[in-house]
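In what follows, a single structure is set out as structure tokens and then discussed.
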Amino acid sequence: MEEESSDGELGFEELGLEARILRAVSKLKLEKPTPIQLKAIPLILQGKDVVARAKTGSGKTLAYILPLLHKLLADDPSAGTSAGPRAVVLVPTRELCQQVHDVVAKLLEYCGRSLKVVQLTSSLSVASLRAALVGPPEIVVTTPASLASCLSNKTLSPASLVSLSVLVLDEADLLLSYGYEEDLKTLAPHIPRSCQCLLMSATSSEDVEKLKKLVLHNPVTLKLTEVDGQLDDSILPNSVQQYKISCKLHDKLLYMLVLLKFGLIQKKALIFVNSIDTSFRLKLFLEQFGIKSAVLNAELPQNSRLHILKAFNVGLFDYLLATDDCRTTGHHAGHNDEMAGLKEVDKSRSSSDNKGRRAQKDTEFGVVRGIDFKNVRTVVNYDMPPTISGYIHRVGRTGRAGNAGAAISLVSLEEEELLRSLEEFLSENVSTKNSTQLGPFPLLSGKAIESLRYRAEDVARGVTKIAVREARAKELRLEILNSDLLKTHFEDNPADLELLKHDKVLSKQQPASHLRTVPEYLRDPTTEAASMAVKAARAAMGQSTSRFYSNRKRRKPQSDDPLKAFSAGSKRLKGGKNDARGLPGTLWARKKGEKRGSSGESRGNSKSSNSSRKKLHRRRKR
Ligand SMILES: Nc1ncnc2c1ncn2[C@@H]1O[C@H](COP(=O)(O)OP(=O)(O)OP(=O)(O)O)[C@@H](O)[C@H]1O
Numbered sequence: 001m002e003e004e005s006s007d008g009e010l011g012f013e014e015l016g017l018e019a020r021i022l023r024a025v026s027k028l029k030l031e032k033p034t035p036i037q038l039k040a041i042p043l044i045l046q047g048k049d050v051v052a053r054a055k056t057g058s059g060k061t062l063a064y065i066l067p068l069l070h071k072l073l074a075d076d077p078s079a080g081t082s083a084g085p086r087a088v089v090l091v092p093t094r095e096l097c098q099q100v101h102d103v104v105a106k107l108l109e110y111c112g113r114s115l116k117v118v119q120l121t122s123s124l125s126v127a128s129l130r131a132a133l134v135g136p137p138e139i140v141v142t143t144p145a146s147l148a149s150c151l152s153n154k155t156l157s158p159a160s161l162v163s164l165s166v167l168v169l170d171e172a173d174l175l176l177s178y179g180y181e182e183d184l185k186t187l188a189p190h191i192p193r194s195c196q197c198l199l200m201s202a203t204s205s206e207d208v209e210k211l212k213k214l215v216l217h218n219p220v221t222l223k224l225t226e227v228d229g230q231l232d233d234s235i236l237p238n239s240v241q242q243y244k245i246s247c248k249l250h251d252k253l254l255y256m257l258v259l260l261k262f263g264l265i266q267k268k269a270l271i272f273v274n275s276i277d278t279s280f281r282l283k284l285f286l287e288q289f290g291i292k293s294a295v296l297n298a299e300l301p302q303n304s305r306l307h308i309l310k311a312f313n314v315g316l317f318d319y320l321l322a323t324d325d326c327r328t329t330g331h332h333a334g335h336n337d338e339m340a341g342l343k344e345v346d347k348s349r350s351s352s353d354n355k356g357r358r359a360q361k362d363t364e365f366g367v368v369r370g371i372d373f374k375n376v377r378t379v380v381n382y383d384m385p386p387t388i389s390g391y392i393h394r395v396g397r398t399g400r401a402g403n404a405g406a407a408i409s410l411v412s413l414e415e416e417e418l419l420r421s422l423e424e425f426l427s428e429n430v431s432t433k434n435s436t437q438l439g440p441f442p443l444l445s446g447k448a449i450e451s452l453r454y455r456a457e458d459v460a461r462g463v464t465k466i467a468v469r470e471a472r473a474k475e476l477r478l479e480i481l482n483s484d485l486l487k488t489h490f491e492d493n494p495a496d497l498e499l500l501k502h503d504k505v506l507s508k509q510q511p512a513s514h515l516r517t518v519p520e521y522l523r524d525p526t527t528e529a530a531s532m533a534v535k536a537a538r539a540a541m542g543q544s545t546s547r548f549y550s551n552r553k554r555r556k557p558q559s560d561d562p563l564k565a566f567s568a569g570s571k572r573l574k575g576g577k578n579d580a581r582g583l584p585g586t587l588w589a590r591k592k593g594e595k596r597g598s599s600g601e602s603r604g605n606s607k608s609s610n611s612s613r614k615k616l617h618r619r620r621k622r
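Structural data, given as structure tokens:
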């Protein structure tokens with residue numbers, strides 16, 4: 001990789017990790033450490049407190065987990081059991097608890113030694129917390145609130161933290177904005193002085209500084225800028241191309257329809273909206289045109305959310321409409337401070353109101369922040385996020401681990417101010433790399449938009465406020481009904497993801513069949529060529545090797561990008577209309593060997609799950 005290429009050809013073997021970990025890494029099919037892993041792992045192995053700041057999707061999780069496991073595995077098993085956990089990983093959301101827990105569990109399985117890892121979240125009863133802490137487990141993954149409540153309700157005695165040898169604050173830039181300041185202050189005095197503390201974050205902010213002071217001792221600070229001694233200030237992966245589309249607010253449904261119906265964006269796509277109602281409006285609208293999608297928001301029960309994330313990750317549906325928790329209704333952050341967005345968020349959440357909010361709403365939930373979505377090729381901002389940090393976290397859900405991705409923002413007149421601030425921020429804070437600029441989206445022609453306008457406006461009129469309210473209530477009812485059953489069912493059959501469909505049709509009326517296809521007379525040859533370009537790009541999979549896998553310097557020809565090679569204003573693709581060879585080496589090609597719905601999870605163990613399946617189906621029919 002050009003900008004992120006790292007120290008020569010160093011591999012995991014040269015970082016000082018022990019053999020069992022190296023075996024696990026190779027089973028995970030990781031070829032080379034990412035830049036942040038290269039820098040952080042040796043320092044952590046030396047026992048230093050480390051603050052690691054690296055962009056979204058850069059592999060920070062393994063940067064701390066691998067040396068953490070090394071340290072625990074190296075301990076003498078004959079030394080007897082310790083009073084409490086040896087390592088605690090603090091994350092801001094339950095989804096992240098699950099994610100980090102799963103990564104650790106997988107590695108431990110491959111390492112072949114039975115260290116115990118548990119996750120503690122506030123959804124667990126005191127009895128379940130007690131059961132989880134029996135042993136005690138060597139590794140606990142939790143939110144600050146859950147750990148603090150374990151201490152206060154005595155499920156974990158403060159004295160047992162004396163055996164703590166590693167504490168990790170993951171997604172540190174989010175921990176305070178999620179309202180955990182008081183919890184962290186409660187925990188800090190119980191952390192032994194000898195405990196090694198690690199702080200991982202995608203961005204820097206006053207919050208990160210505060211946390212650093214609260215728990216770290218004389219840490220080494222790593223910023224991506226310092227990796228390789230190269231100037232790389234980007235806070236977003238350079239493999240993500242950013243685009244903007246200006247349109248009227250009431251035309252957003254139409255624009256979205258054109259992008260999806262004409263296949264102008266690469267799947268899978270994560271589409272962000274700022275309110276739950278908007279996500280249902282969009283869903284109801286799209287399903288009239290035969291385009292299925294699922295919604296994800298903080299209102300859904302936790303089991304459903306986890307299931308939706310898993311189903312999306314394995315490719316059971318292509319479009320996920322996510323309402324993220326922007327935590328502010330105010331305007332964007334000032335552009336001079338990188339994390340001003342988060343500060344603004346903080347102001348809106350004084351610590352005194354955190355407890356109240358937690359009771360009303362599931363605040364251990366962030367929909368997407370830090371979540372490692374697999375193979376998301378496009379992020380769409382249907383609504384512009386109200387803060388710059390929100391933009392960075394959204395866009396960071398694509399282009400992960402050096403894969404190619406695109407971020408497209410639909411910008412209405414009302415949102416132009418936000419866009420201006422964002423662009424100003426990017427130009428002031430980010431180096432001149434092309435990926436940091438928002439260019440016009442080239443595959444969309446005025447003709448394509450007008451061709452679907454009449455139909456779109458007609459259907460949009462039918463998606464009334466009442467229809468949205470009903471669909472939202474129906475979805476919630478169904479998901480609550482499913483939630484408990486999902487829990488027991490998936491404990492027994494974790495791979496049985498297809499059992500529930502999250503992209504089911506919610507409209508009362510079945511979509512009209514004539515809206516599913518675009519008739520010949522509405523088709524626009526230029527847009528069809530653009531659509532073919534996208535398809536060809538997708539078909540040209542296997543050409544793109546993750547940037548992290550290669551330490552060799554690679555050239556990235558601009559013309560490899562179909563969005564650059566093609567403009568809706570021109571009639572032809574450079575390199576031939578249907579010529580997949582002339583298409584995307586980088587931007588839109590899928591990762592080698594990647595197949596739809598085959599991210600390593602099988603499609604279900606049908607025998608053992610038949611009765612649960614029937615039960616679930618009976619419930620859903622009712
Ligand atoms: N050395 C590696 N080679 C290839 N892929 C890797 C490597 N290390 C991690 N990955 C993959 O990169 C993806 C992103 O990693 P991770 O979730 O740790 O990113 P992150 O830096 O924590 O991002 P965020 O700040 O958004 O949470 C994951 O799918 C992970 O499996």
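Residue 622 is where the sequence shown ends in UniProt numbering, and the numbering goes up by one at each step.
Ideal Cβ positions, reconstructed from N, Cα and C, are used throughout, including at glycine.
{"Check": "Near residue 65, what residues of its chain come up, given a Cβ to Cβ distance below 7 Å and the 5 sequence neighbours on each side ignored?", "Outcome": "103, 104, 107"}
{"Check": "Rounding to the nearest angstrom, what Cα-Cα distance links residue 144 and residue 515 in this structure?", "Outcome": "49 Å"}
{"Check": "For the putative contact between residue 93 and residue 126, defined by C-beta atoms under 8 Å, what is the C-beta separation to the nearest angstrom?", "Outcome": "Between residue 126 and residue 93 the Cβ distance is about 21 Å, and since that is not below 8 Å, they are no contact."}
{"Check": "Shorter than 8 Å, the distance from the beta carbon of residue 207 to the closest heavy atom of ligand 1, or not?", "Outcome": "no"}
{"Check": "Quick check: the Cα distance between residue 175 and residue 55, rounded to an integer number of angstroms?", "Outcome": "17 Å"}
{"Check": "Which complete alpha helix (DSSP H) runs does the stretch 209 to 286 hold, if anything under 4 residues is left out?", "Outcome": "252 to 261"}
{"Check": "Mind checking which residues open and close the alpha helix (DSSP H) that includes residue 53?", "Outcome": "That residue, residue 53, is in no alpha helix (DSSP H); its beta strand (DSSP E) goes 50 to 53."}
{"Check": "Starting from residue 87 and walking both ways along the alpha helix (DSSP H), at which residues does that stretch end?", "Outcome": "Segment 87 to 90 is the beta strand (DSSP E) holding residue 87; no alpha helix (DSSP H) there."}
{"Check": "Grouping DSSP H, G and I as helix and E and B as strand, with all else coil, what is residue 405?", "Outcome": "strand"}
{"Check": "Using only CA atoms, which one of 157, 60, 45 lies nearest to residue 33?", "Outcome": "60"}
{"Check": "Does DSSP put residue 387 in a helix, a strand or coil?", "Outcome": "coil"}
{"Check": "Of the choices 313, 382, 221, 139, whose alpha-carbon is the least far from that of residue 41?", "Outcome": "221"}
{"Check": "Ligand 1 and residue 101: does any heavy atom of the ligand fall closer than 8 Å to the residue's C-beta?", "Outcome": "no"}
{"Check": "Rounded to whole angstroms, what's the CA-CA distance from residue 193 to residue 168? Just pull it up for me.", "Outcome": "14 Å"}
{"Check": "Whose C-alpha, out of 177, 388, 162, is nearest the C-alpha of residue 207?", "Outcome": "177"}
{"Check": "Flag this pair as yes or no: are the beta carbons of residue 258 and residue 526 separated by less than 9 Å?", "Outcome": "no"}
{"Check": "Quick one: grab the DSSP three-state call for residue 378.", "Outcome": "strand"}
{"Check": "Just list the residues that DSSP pairs residue 139 with in beta bridges.", "Outcome": "87, 117"}
{"Check": "Taking the C-alpha atoms as reference points, what is the distance between residue 190 and residue 215?", "Outcome": "10 Å"}
{"Check": "So what does DSSP say about residue 322, is it helix, strand or coil?", "Outcome": "strand"}
{"Check": "Going along the chain, which residues of its own chain have a beta-carbon closer than 7 Å to the beta-carbon of residue 465, five neighbours each way excluded?", "Outcome": "none"}
{"Check": "Give the range of the alpha helix (DSSP H) segment to which residue 111 is assigned.", "Outcome": "94 to 111"}
{"Check": "Please work out which residues of its chain come closer than 7 Å, Cβ to Cβ, to residue 16, disregarding the five sequence neighbours upstream and downstream, and give them in chain order.", "Outcome": "42, 45"}
{"Check": "Check whether the stretch 81 to 89 touches the stretch 248 to 255, taking contact to mean three or more Cβ pairs, one atom from each stretch, closer than 8 Å.", "Outcome": "no"}
{"Check": "So, with DSSP's three-state summary, where would you put residue 150?", "Outcome": "helix"}
{"Check": "Can you give the Cα-Cα distance for residue 319 and residue 310, rounded to whole angstroms?", "Outcome": "13 Å"}
{"Check": "Between the alpha carbons of residue 219 and residue 39, how many angstroms are there, rounded?", "Outcome": "14 Å"}
{"Check": "Taking all protein chains shown into account, do 16 or more other C-beta atoms lie within 10 angstroms of the C-beta of residue 173, making it buried, or fewer, making it exposed?", "Outcome": "buried"}
{"Check": "Assuming residue 303 and residue 276 make a contact with CB atoms under 8 Å, what is their CB distance in whole Å?", "Outcome": "Not a contact, Cβ separation roughly 18 Å."}
{"Check": "Considering only heavy atoms of ligand 1, does any lie closer than 8 Å to the CB of residue 46?", "Outcome": "no"}
{"Check": "Is it right to say residue 399 is buried, meaning 16 or more other beta carbons lie within 10 angstroms of its own, or is it exposed?", "Outcome": "buried"}
{"Check": "On the DSSP bridge list, what partners appear for residue 167?", "Outcome": "88, 197"}
{"Check": "By how many angstroms is the C-alpha of residue 163 removed from the C-alpha of residue 422?", "Outcome": "45 Å"}
{"Check": "I want to check one thing, is the minimum distance from the CB of residue 59 to the heavy atoms of ligand 1 below 8 Å?", "Outcome": "yes"}
{"Check": "Should residue 272 and residue 403 be called a contact, given that it needs their Cβ atoms to be closer than 9 Å?", "Outcome": "no"}
{"Check": "With H, G and I counted as helix, E and B as strand and the rest as coil, what does DSSP make of residue 525?", "Outcome": "helix"}
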